[in-house]
Amino acid sequence: MTKPPPMPTLSSLHEAEDSNRSDNRSFADVLAVHMSRRRLLRGGASLAAAGLVATPLAQAMSLGWDAEYGVAAGHKAIPRNIGARPAFQAIAVNRLDTVSVPPGYSARTFLAWGEPLFSDGPAYLDAGLNTAQEQAQQIGAHHDGIHYFPLRAQTGERQRALIAMNHEYIDAPVLHPAGSLAEDGSRTPEQIAKEIAAHGVSIVEVRETDDGVWEQVDSKRNRRITAATPMELSGPVRGHALVKTAYSPDGTATLGTVNNCGSGRTPWGTYLTTEENWAGYFVNRDAERPREQARYGVPTVNSNYRWDSAEPRFDATTKADDATGDYRNNPNTFGWMVEIDPYAPAAIPVKRTALGRFGHEGAIFPPARVSAPVVVYSGDDANNEYIYKFVSKRAYVLTPLLRPAPDALDVGTLYVARFDDDGTGQWLALDIADPAFQAAAAAAGVEFADQADVLVNTRLAADVVGATKMDRPEWGAVDPLTGMVYFTLTNNSARVAEGVDAANPRGPNPFGHIIRWREDGDRHEALRFAWDIYVLSGAEGAGVVLPGTADERPLDADNLHASPDGLWFDQGGLLWIQTDMSGSQLGEGPFGNNQMLAADPVTGDIRRFLVGPVGCEVTGICSTPDLRTLFVNIQHPTGSWPDGGDARPRSSTVIVTKHDGGIIGT
């Protein structure tokens with residue numbers, strides 16, 4: 017009998033199999049040349065001077081507000097002159113089992129794992145004692161991406177909103193009672209049902225009272241979306257032979273969403289949740305996996321959680337005469353971006369296949385421009401994978417509800433990035449109708465039947481066109497004041513020491529870095545861009561801000577950090593950087609627990625704002641429109657935070673406010 021694999025660890029669930037076998041250039045090779053030839057982008061000051069400034073309409077549109085839910089609802093806008101930021105006292109690194117914030121600020125736990133969606137719902141029970149049925153009525157596990165959707169404030173309230181947030185995965189020893197897990201990693205049907213219910217998305221209505229206290233509201237909009245929720249497929253892959261299953265013989269639907277990591281808010285006010293390391297939820301025991309599974313690392317012995325033992329839809333092994341009799345194609349219905357309307361609790365979530373299938377870390381929308389295409393950026397979080405963007409065919413049209421045509425994210429072109437040595441780059445179309453793509457596929461000896469085949473095999477298509485291998489591209493963010501696009505490249509243990517030189521001094525790359533680019537003509541739908549490195553992360557003496565510019569400065573005690581992951585610009589133009597260290601990097605050395613920093617992208621001033629509890633990842637951030645309240649997610653703490661004592665750790669949102677009620681960061 018084949019010995020089953022060990023129980024998945026935190027790090028193994030965050031890092032998918034490095035399945036990129038292409039000979040495309042890695043970003044390390046490009047960076048080695050570019051760092052000594054930088055000339056197109058010389059520091060943040062020149063970027064601001066270049067005139068890439070969003071128009072007032074674009075800034076308003078980027079907030080996604082409409083007549084029912086917008087500024088008319090009483091949400092205060094940000095004062096025009098909010099002062100220089102960051103202006104708080106940077107806090108020191110630490111390994112405390114609490115959330116640390118600067119003097120003058122407070123952090124309060126909110127919406128922790130296991131809290132009921134309604135006041136009369138099942139209460140959280142420590143020691144993993146809640147049932148699967150109860151978990152389906154409670155906040156999910158392992159909080160990640162989060163967004164704030166405003167609602168009309170009522171009497172006695174300062175603000176009211178919907179909070180939508182992701183639940184990426186679970187820790188089985190924390191979720192279940194002690195001693196209930198089998199040594200071989202197998203699960204009972206009840207345990208599997210509970211794990212499925214702990215995944216997905218929570219949508220919760222909240223309000224801020226006149227006393228300044230945030231509280232949950234019993235609302236018809238409160239709901240859980242889990243790994244068992246019915247989903248529709250839309251776009252080019254809908255109805256294709258590659259997504260036909262026993263659940264959906266016509267290939268138009270699937271069940272559930274998993275490994276929901278980063279997220280995004282559309283300009284028309286819906287929520288996009290992304291499916292990242294989804295492949296490990298399945299198993300295929302056939303003698304040979306099809307390319308649409310092998311390139312993504314679908315296991316061949318056992319799935320990570322063994323859900324296939326009770327839920328056949330997680331077993332991709334061939335068991336019937338054709339695909340409509342089994343679940344061989346079910347993995348092809350995962351790896352997408354999922355659109356959810358938080359304001360419509362009965363709306364079925366939709367997987368938007370035109371945006372590509374890979375390990376999506378986020379969904380980044382630049383400010384929408386009337387009569388211009390909608391653009392979405394996303395990174396593929398695995399060693400040596402790529403950065404993508406989707407450009408809609410339909411132009412964005414201003415309507416009374418700021419909503420586009422229903423298929424705005426279904427018709428358009430998916431592109432992948434190539435970073436060139438001279439500091440420029442190009443977006444390469446993954447479009448079977450594009451002659452350049454046809455030529456590249458022919459030269460590589462790779463055949464695609466149609467555009468659906470291209471999208472199901474997005475990684476392979478990107479290999480074919482010669483995209484640049486990156487160091488785990490994760491979250492992205494667009495500067496609302498300049499339009500610059502920023503992306504975190506968390507780390508890459510696969511970079512070899514032989515690649516080290518004066519301009520590219522780290523191999524492997526344990527610390528990661530942040531890249532940024534400016535699209536040609538200041539149009540996010542452009543096909544060329546100019547790129548630069550904003551931060552090379554690391555310890556004192558190993559990290560540097562604005563490398564290769566006149567403003568270059570080393571990281572110091574106030575901002576040293578490693579493994580940048582979460583990334584978000586607030587409405588005032590402050591860049592928030594969240595880290596996801598693991599293993600020895602987290603347990604020892606100079607960095608302490610994972611943290612969140614605030615950065616001025618023009619001056620390069622970076623300061624540590626928050627340090628999380630023991631073992632956690634700091635991930636997911638959003639704010640109220642007036643920038644006086646931050647919502648920050650704390651994922652997979654390993655001590656006893658937030659309840660303390662002998663309690664089990666619980667992922668949670670924390671509410672950060674300033675004692676004087678002022679704007680965060682001032």
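Counting in this note's numbering, the sequence shown runs from 17 upward without gaps. Glycine included, every Cβ here is placed at the ideal spot set by N, Cα and C.
Starting from the C-beta of residue i, find all residues in its chain whose C-beta is less than 8 Å away, skip the five residues before and the five after it, and write them out in chain order.
i    : result
P766 : Examination of residue 766 is not possible in this model, given that the chain is present from 17 through 682 alone.
A460 : D479 and V480
Y431 : Y404, K405, F406, V407, W443, L444, A445, L446 and L543
A452 : L444, A445 and V481
In this structure, does DSSP put residue i in helix, strand or coil?
i    : result
L191 : helix
G492 : strand
L430 : strand
T645 : strand
E248 : strand
V391 : strand
I179 : strand
P665 : coil
Y343 : coil
R322 : coil
E150 : helix
V259 : helix
V274 : coil
L543 : coil
E304 : coil
D548 : strand
I212 : helix
F464 : coil
V634 : strand
Roughly how many whole angstroms lie between the Cα atoms of residue i and residue j?
i    : j    : result
G628 : S579 : 15 Å
Q149 : A213 : 8 Å
H529 : G620 : 14 Å
G439 : A384 : 26 Å
F126 : L178 : 14 Å
L167 : E173 : 11 Å
R5   : D662 : Residue 5 is absent from the model: the chain starts at 17 and stops at 682.
L271 : V630 : 35 Å
K330 : V220 : The sequence shown places Phe at residue 330, not Lys. Spanning the two alpha carbons is a distance of roughly 29 Å.
M500 : A209 : 43 Å
D567 : A180 : 39 Å
A379 : A455 : 30 Å
S656 : C277 : 23 Å
G161 : A339 : 34 Å
E291 : F374 : 8 Å
A465 : P328 : 28 Å
L583 : A614 : 10 Å
Give me, in chain order, the residues of the same chain whose beta-carbon lies closer than 6 Å to that of residue i; leave out the 5 immediate sequence neighbours on both sides.
i    : result
H540 : P382 and V391
K367 : M247, L249, W352 and V354
A123 : V115, V117, V670 and V672
T286 : E355 and D357
S509 : P524
K409 : V427 and G428
V190 : R664
A363 : D357
Hey, residue i and residue j: beta-carbon distance below 7 Å or not?
i    : j    : result
L288 : G296 : no
N348 : L258 : yes
R623 : D574 : yes
W685 : V314 : It is not possible to answer for residue 685, since the shown part of the chain is limited to 17 through 682.
T429 : V462 : no
W284 : E377 : no
F435 : T369 : no
G441 : F607 : no
G130 : H192 : no
T506 : R532 : no
T334 : R344 : yes
A332 : N300 : yes
R253 : A468 : Residue 253 is actually Val in this sequence, not Arg. Yes.
A157 : S667 : yes
Which residues in the same chain have their Cβ closer than 7 Å to the Cβ of residue i, if we skip the five residues on either side of it in sequence?
i    : result
I98  : G588, I679 and T682
A88  : Per-residue confidence for A88 stands at a pLDDT of 31, beneath the threshold of 50, marking its modelled position as unreliable; the derived number appears in the next sentence. For A88, where only same-chain residues beyond five positions count, there are no Cβ hits under 7 Å.
G251 : R368, T369, A370 and D426
F134 : D234 and N238
So is residue i in contact with chain C if we call contact Cβ pairs under 7 Å?
i    : result
A449 : The chain inventory of the structure shown lacks chain C, comprising one protein chain alone.
**Item:** Validate contact between the region 477-484 and the region 437-454 using beta carbons, cut 8 Å, 3 pairs
**Value:** yes
**Item:** Inter-stretch contact (C-beta, 8 Å, three-pair minimum) for the region 591-598 and the region 633-651
**Value:** yes
**Prompt:** So, do the region 262-271 and the region 223-232 have three or more beta carbon pairs nearer to each other than 8 Å?
**Reply:** no
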